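Reading the sequence shown from the start, the letters are residues 0 to 368 in numbering that gives the first Met the number 0.
From the three backbone atoms N, C-alpha and C, an ideal C-beta is built for every residue, glycine too.
Note that this is a predicted model, so its numbers are computed, not measured.
Only one structure is covered here, and it is reproduced in the block below.
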Amino acid sequence: MSQEDAVTGQPAPSPLKQLDGLFIEHPAFMDTLSYILFELSVQDELAEPPCYYVTGPTGIGKSTLIASLLEHYPRIVDDVRTDMPDGTVRISDRVPMVSTTMRPQPTANGLLRSMLKELGDKGWKSGDREELQNRLTLQAQACRTRTIIVDEAQRAVDRDGVLRRYDIAEVLRDINESTGITIILFGMGRTRHLFDHDSQIWRRFEDEIVVPPFEWGEDDGSGAVPECRQCFISLLVTYRDQMPLPFAASVDVEDPEVALRFFYVSRGVVGLLKKLLLRAVKIALRMQSAEITEAILNEAFDRAFHKDVKAESLVNPWGPLWNRQLPVPLVHRDEIAKPKKRPRKSGPRSNRSRKSDRRAEVLQALTLG
Numbered sequence: 000m001s002q003e004d005a006v007t008g009q010p011a012p013s014p015l016k017q018l019d020g021l022f023i024e025h026p027a028f029m030d031t032l033s034y035i036l037f038e039l040s041v042q043d044e045l046a047e048p049p050c051y052y053v054t055g056p057t058g059i060g061k062s063t064l065i066a067s068l069l070e071h072y073p074r075i076v077d078d079v080r081t082d083m084p085d086g087t088v089r090i091s092d093r094v095p096m097v098s099t100t101m102r103p104q105p106t107a108n109g110l111l112r113s114m115l116k117e118l119g120d121k122g123w124k125s126g127d128r129e130e131l132q133n134r135l136t137l138q139a140q141a142c143r144t145r146t147i148i149v150d151e152a153q154r155a156v157d158r159d160g161v162l163r164r165y166d167i168a169e170v171l172r173d174i175n176e177s178t179g180i181t182i183i184l185f186g187m188g189r190t191r192h193l194f195d196h197d198s199q200i201w202r203r204f205e206d207e208i209v210v211p212p213f214e215w216g217e218d219d220g221s222g223a224v225p226e227c228r229q230c231f232i233s234l235l236v237t238y239r240d241q242m243p244l245p246f247a248a249s250v251d252v253e254d255p256e257v258a259l260r261f262f263y264v265s266r267g268v269v270g271l272l273k274k275l276l277l278r279a280v281k282i283a284l285r286m287q288s289a290e291i292t293e294a295i296l297n298e299a300f301d302r303a304f305h306k307d308v309k310a311e312s313l314v315n316p317w318g319p320l321w322n323r324q325l326p327v328p329l330v331h332r333d334e335i336a337k338p339k340k341r342p343r344k345s346g347p348r349s350n351r352s353r354k355s356d357r358r359a360e361v362l363q364a365l366t367l368g
């Protein structure tokens with residue numbers, strides 16, 4: 000017979016499901032959320048709506064941050080009527096904030112279609128870039144949309160820092176310019192190279208919001224524990240208190256020597272810490288263990304991080320090679336130390352480029368005349 004929740008009377012979640020749904024609202028996360036919410040609260044007071052890009056390593060909590068923002072600006076299903084500038088009438092929901100994800104090998108048209116789909120446009124599958132942008136402007140107006148979130152924005156940039164598609168950056172600029180909508184990009188560190196080629200786009204996305212990993216800090220010789228280290232240990236204590244299975248007595252997360260092992264595995268990233276804990280709970284359930292022991296953590300690391308051992312020369316912090324070393328940084332996964340520069344590929348020029356050339360030629364002729 001399955002256990003039931005004492006409050007709801009519903010079947011109690013399994014230990015794995017309970018841990019998988021657990022998120023600790025740590026200070027860095029809450030600071031970032033508060034900052035963005037404040038910026039959005041004053042966006043209508045500015046003549047030019049600001050845009051932002053939020054960066055951080057995989058597992059830092061960017062997806063949870065997006066979910067929290069959407070909770071603060073929920074969709075309202077009310078079939079509001081809007082008289083459009085072209086004389087038509089649109090009936091739509093109020094969607095103050097919409098979120099979409101940039102696909103692998105993204106295109107400008109694909110990004111526009113995904114935005115239209117999220118806004119409820121029935122014809123989102125068809126149309127060229129100009130038509131899609133025009134429809135997005137109208138649909139966003141009908142939905143009272145003030146913010147568009149684009150997740151996985153680093154997919155528009157190669158791992159060597161070269162922008163794949165210039166038209167994606169241009170579309171983001173045009174949306175912001177024509178609609179007054181704030182655009183927030185979420186992605187890994189190389190997202191910032193999305194704006195390198197165009198100063199106008201860079202000016203609109205000049206505010207980078209970094210969600211940093213936890214830090215271990217350095218000992219200053221006074222015996223005092225660095226504040227950042229205390230924050231990470233507090234995170235471990237919170238997980239310990241909410242874990243579906245307890246830690247064994249030998250796994251005292253309040254002991255800095257034990258906490259360092261968890262920090263080494265996670266590199267200060269909550270998602271990597273959770274990856275270890277989920278694997279440990281799986282192993283404990285399979286072994287029918289009532290607690291998570293050092294031996295279970297040893298096996299959990301080997302199973303969950305075997306690729307990292309090869310790629311980053313990590314050692315098992317519950318194994319014989321452990322010597323209390325600090326972890327290697329995660330820079331190479333998300334950042335670009337020395338982005339390569341390569342010229343834009345030549346090819347057929349867009350209609351927009353040709354029109355710009357013709358306007359320049361006319362202007363020059365008038366000047367000379």
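Contact check, residue i vs residue j, beta carbons under 9 Å
i	j	result
Val268	Met242	no
Arg373	Ile200	Past the boundaries of the shown model lies residue 373; the chain is included only from 0 to 368, so the question cannot be answered.
Phe300	Val264	yes
Val224	Gly60	no
Leu275	Phe304	yes
Thr100	Arg191	no
Glu388	Pro255	The chain is shown only over 0 to 368; residue 388 falls outside these bounds and no answer can be derived.
Top-ranked residue by Cα proximity to residue i, from the options
i	options	result
Leu111	Ser91, Gln132, Val97 and Thr100	Gln132
Thr106	His192, Arg164 and Ser198	Arg164
Val79	Glu293, Val257, Arg93 and Thr190	Arg93
Ile23	Pro49, Glu38 and Gly58	Gly58
Arg302	Val170, Lys116 and Trp317	Trp317
Ser40	Arg145, Lys273 and Ala168	Arg145
Ser62	Gly109, Phe28, Leu45 and Asp85	Phe28
Integer Cβ distance of residue i from residue j, believed to fall under 8 Å
i	j	result
Gln153	Gly186	4 Å
Met83	Ala139	That belief does not hold up - the Cβ atoms of Met83 and Ala139 are roughly 12 Å apart, past 8 Å.
Met114	Val97	7 Å
Val149	Leu193	Going by Cβ atoms, the distance from Val149 to Leu193 rounds to 10 Å, so no, they are not a contact pair.
Leu320	Val314	4 Å
Arg158	Arg189	7 Å
Leu277	Leu18	6 Å
Cys50	Ile208	Actually they do not touch by this definition, with Cβ atoms about 11 Å apart.
Pro56	Cys230	Their Cβ separation, rounded to whole angstroms, is 17 Å, which puts Pro56 and Cys230 out of contact at 8 Å.
Spatial neighbours of residue i in its chain, beta-carbon cut-off 7 Å, leaving aside the 5 residues before and after
i	result
Asp195	Leu162
Asp356	Residue confidence is low: Asp356 scores 49 on pLDDT, short of 50, so the model does not pin down where it sits. Its coordinate-derived value is still stated next. Counting only Cβ-Cβ distances below 7 Å, and skipping sequence neighbours, we find nothing.
Asp166	Ala107
Leu365	At Leu365, the pLDDT of 37 sits below 50, so the modelled position is not reliable; the number obtained from the coordinates is stated separately. So the list is empty, once near-sequence residues are dropped.
Ile282	Ile295, Glu298 and Ala299
Nonlocal neighbours in the same chain, by C-beta distance under 6 Å from residue i, ignoring five residues either side
i	result
Ser345	The predicted position of Ser345 is uncertain, since its pLDDT is 40 and thus under 50; a value taken from the coordinates is nonetheless stated next. Same-chain partners within the cutoff: there are none.
Tyr72	Pro95 and Met96
Thr237	Ile23
Leu272	Ser265
Own chain partners of residue i with C-beta closer than 8 Å, once the 5 adjacent residues on each side are dropped
i	result
Ile65	Ser98, Ile148, Asp150 and Phe185
Ser67	Leu32
Enumerated in chain order, which unbroken segments of the beta strand (DSSP E) with a length of 3 residues or greater are wholly contained in the stretch 120 to 206? 146 to 150 and 181 to 186
Write down every uninterrupted run of the alpha helix (DSSP H) in the stretch 232 to 284 whose length is 4 residues or greater and which is fully enclosed by it, in chain order. Within the stretch 232 to 284, the complete alpha helix (DSSP H) runs of at least 4 residues fall at 255 to 265.
Quick check on the DSSP output: what are the complete alpha helix (DSSP H) runs of length 4 or more inside the stretch 36 to 111, in order along the chain? 61 to 71
Please go through the stretch 289 to 323 and give each complete alpha helix (DSSP H) segment of 4 or more residues, from N-terminal end onward. 293 to 303 and 305 to 311
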